[in-house]
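Student:
Chains as they are written, first to last, in our numbering: chain A, 134 to 356; chain B, 3 to 75.
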């Protein structure tokens, strides 16, 4: 993976031009007394609204409903408010203040959903039921003769080519369907580190399968 | 999508992919640019590549975009 694109043309600091509304937010949150309290309350209300919208958007796919979903939204808003007020000096005006603030609450919702996963996990994260592999990728059991050899080669590559950590992450995410954010909790890691681990594993597995003629080798060049 | 294409897609990696940390750092800028109809993918190809490949970051992006667009209406 590579560092973020630098083609913006000017540094973030140079690009910073606070719009009037963002300036108002910063001024109100940066002062003391009733004006700040009012701004905090207004921001909290805004974050609750965004969090509720986000959990409602994701909820149906997660099997979380009712009061649990509402609690999750309020917790996310409260934690986001803390994070935002602690990082006010990091806001550089590259977007509107509210967009920057919404990012915090969206990330909090993700983190909380990740932790929520472990309340009712379908399988242990480190279980190794390789019979699940065909279904994970949607291979049709009726055409087993067509893909059996490919998946056997994939499993062999997982066993022989991946590092212990790559294998652990592959098994949890691919075989057992553990969401990345949930796995960060279990492994005391972070999203970026586990994504990178799986990214390297995917690249390695493709190279092995391509070298042995199971798949084409052109897809890792980017599109 | 059949198993072959799902597996093929899973194994594809884009060398421009910036990873979760960089994408998250820039997510508010990227989302606002998209919401405004700007050339976000051309300006930030590494973020675009990441959001296509990373489910959780893609989900965050969708949520942030929905929040921005909800505010606009």
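Idealized CB from N, CA, C, for every residue including glycine.
Here the structure is a predicted model, which means the values were calculated and not measured.
Throw me the rounded Cβ distance for the residue 18/B and residue 60/B pair, which I believe falls under 8 Å.
Tutor: Actually they do not touch by this definition, with Cβ atoms about 16 Å apart.
Student: Report, in whole angstroms, the separation of the C-beta atoms of residue 242/A and residue 319/A, which I expect to be a contact under 8 Å.
Tutor: Actually they are not in contact, since the Cβ atoms of residue 242/A and residue 319/A sit about 19 Å apart, beyond 8 Å.
Student: Would you please verify whether the beta carbon of residue 166/A is less than 9 Å from any beta carbon of chain B?
Tutor: no
Student: Taking the straight line between their C-alpha atoms, what separation do you get for residue 11/B and residue 335/A?
Tutor: 10 Å
Student: Taking Cβ positions, are residue 232/A and residue 34/B nearer each other than 9 Å?
Tutor: yes
Student: In three-state terms, what does DSSP make of residue 15/B?
Tutor: coil
Student: Have a look at 6/B, 5/B, 68/B and flag the residue whose alpha-carbon is nearest the alpha-carbon of residue 38/B.
Tutor: Checked all of 6/B, 5/B, 68/B; the closest Cα to residue 38/B is 68/B.
Student: Round the Cβ separation of residue 155/A and residue 230/A to the nearest angstrom and send it over; I've been treating them as touching at under 8 Å.
Tutor: Contact between residue 155/A and residue 230/A holds, with the beta-carbon distance rounding to 4 Å and staying under 8 Å.
Student: Helix, strand or coil: which one does DSSP assign to residue 270/A?
Tutor: coil
Student: Counting beta carbon pairs with one atom in the segment 208-224 of chain A and one in the segment 283-292 of chain A, are three or more of them shorter than 8 Å?
Tutor: Between the segment 283-292 of chain A and the segment 208-224 of chain A, the count of Cβ pairs shorter than 8 Å is below three; the stretches do not touch.
Student: Between the segment 300-310 of chain A and the segment 256-276 of chain A, do three or more beta carbon pairs fall short of 8 Å?
Tutor: yes
Student: Is it buried or exposed, residue 262/A, if we count other Cβ atoms within 10 angstroms and call 16 or more buried?
Tutor: exposed
Student: Give me the Cα-Cα distance between residue 21/B and residue 27/B, rounded to the nearest whole angstrom.
Tutor: 10 Å
Student: Does residue 144/A come out as helix, strand or coil in the three-state DSSP assignment?
Tutor: Confidence at residue 144/A is low in this model, with a pLDDT of 40, below 50, so its placement is unreliable and no value can be given for it.
Student: Output yes if chain A places a C-beta closer than 9 Å to the C-beta of residue 21/B; else output no.
Tutor: yes
Student: Under 9 Å, do residue 204/A and residue 250/A count as touching if we go by C-beta distance?
Tutor: no
Student: At least one CB of chain A closer than 9 Å to the CB of residue 36/B: is that the case?
Tutor: no
Student: Residues in the segment 184-209 of chain A with C-beta within 8 Å of chain B's C-beta atoms, listed in sequence order?
Tutor: 186, 187, 190, 191: these are the residues of the segment 184-209 of chain A whose beta carbon lies less than 8 Å from some beta carbon of chain B, given in chain order.
Student: If I follow the unbroken alpha helix (DSSP H) through residue 158/A, where does it start and stop?
Tutor: Its alpha helix (DSSP H) spans residues 153-163.
Student: Taking Cβ positions only, does residue 9/B come closer than 9 Å to chain A?
Tutor: yes
Student: Quick check: is the beta carbon of residue 53/B nearer than 9 Å to any beta carbon in chain A?
Tutor: No - not a single Cβ of chain A is within 9 Å of the one on residue 53/B.
Student: Taking the beta carbon of residue 228/A as the centre, do at least 16 other beta carbons fall within 10 Å, making it buried, or is it exposed?
Tutor: buried
Student: Quick one, which of 247/A, 198/A, 176/A has its alpha-carbon nearest residue 213/A's?
Tutor: 176/A
Student: Measuring alpha carbon to alpha carbon, tell me which of 41/B, 53/B, 15/B ends up nearest residue 24/B.
Tutor: 53/B
Student: 9 Å is my cut-off, CB to CB: does residue 39/B come that close to chain A?
Tutor: no
Student: Are there any heavy atoms of the ligand MN lying less than 8 Å away from the beta-carbon of residue 61/B, as far as the coordinates show?
Tutor: Questions concerning the ligand MN fall outside what the structure shown contains, since it holds no ligand whatsoever.
Student: Name the two residues that bound the continuous alpha helix (DSSP H) containing residue 292/A.
Tutor: 277-294
Student: Report yes or no: is there a C-beta of chain A within less than 9 Å of the C-beta of residue 72/B?
Tutor: yes
Student: Below 8 Å on the Cβ atoms is my guess for residue 294/A versus residue 341/A; work out the distance and round it to an integer in Å.
Tutor: 5 Å
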